[in-house]
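Take a look at the structure set out below.
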Amino acid sequence: MPKLIRLYIINVAIGFALAAVFVAMLLWFNIGNLWHLVTHSDKGWLAVLILWVANGIVFAGVQFAIAVMRMKDDDDDEPRGGHRGRVMRREPAPVPVRVDARRSGDFLNKS
């Protein structure tokens, strides 16, 4: 199996395990009276399943993102410096404008 696929599967499993712990803690500490709602409903198991899957997707994505960002390439250890590029100076440039007396109206050429 390729290393990237193995990395993805392992991190998704870790994410879903963390989501299971998170949902168990939500139920154990009865956040928002969740334990009562789940145990006193005939569809409570479905709510717990959906809660676990939704949190599992989020936790797995974050876990995989952390694993990818922690990957290190040993070739990037030495400082290489950059190439100096030209910096453009922003100065206003005069633009000549001719005024046509017919279009400008009489208010510009009053004597």
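So the sequence shown is numbered by our numbering: it starts at 235 and just counts up by one.
Glycine included, C-beta positions come from ideal geometry on N, C-alpha and C.
Taking the alpha helix (DSSP H) that Gly290 falls in, what are its first and last residues?
-> Mapped onto the sequence shown, residue 290 falls at position 56. Unbroken alpha helix (DSSP H) run through Gly290: Gly278 to Met303.
May I ask you to report which of helix, strand or coil DSSP gives His317?
-> Taking the sequence shown and counting its residues from 1, the one referred to as residue 317 is at position 83. Assigned with DSSP and collapsed to three states, His317 falls in coil, not helix or strand.
Among the residues of its own chain, which have a CB less than 8 angstroms from the CB of Ala281, if the five just before and after it don't count?
-> Here residue 281 corresponds to residue number 47 of the sequence shown, with the count starting at 1. Correct list, in chain order: Leu271, Val272 and Ser275.
For Arg240, which three-state DSSP category applies?
-> Residue 240 sits at position 6 when you count from the first residue of the sequence shown. DSSP places Arg240 in helix when its eight states are reduced to three.
Would you kindly report the start and end of the unbroken alpha helix (DSSP H) that includes His270?
-> Position 36 of the sequence shown, counting from 1, holds the residue named residue 270. That run of the alpha helix (DSSP H) goes Leu268 to Thr273.
Of the residues His317, Asn289 and Arg240, the one placed nearest Ala251, counting alpha carbons only = In the sequence shown, the residue the question calls residue 251 occupies position 17. Selection His317, Asn289 and Arg240 evaluated against Ala251 yields Asn289 as nearest (Cα-Cα).
Three-state secondary structure (DSSP) at Asn264?
-> Position 30 of the sequence shown holds residue 264. In the structure shown, Asn264 sits in coil (DSSP, three-state: anything other than H, G, I, E or B).
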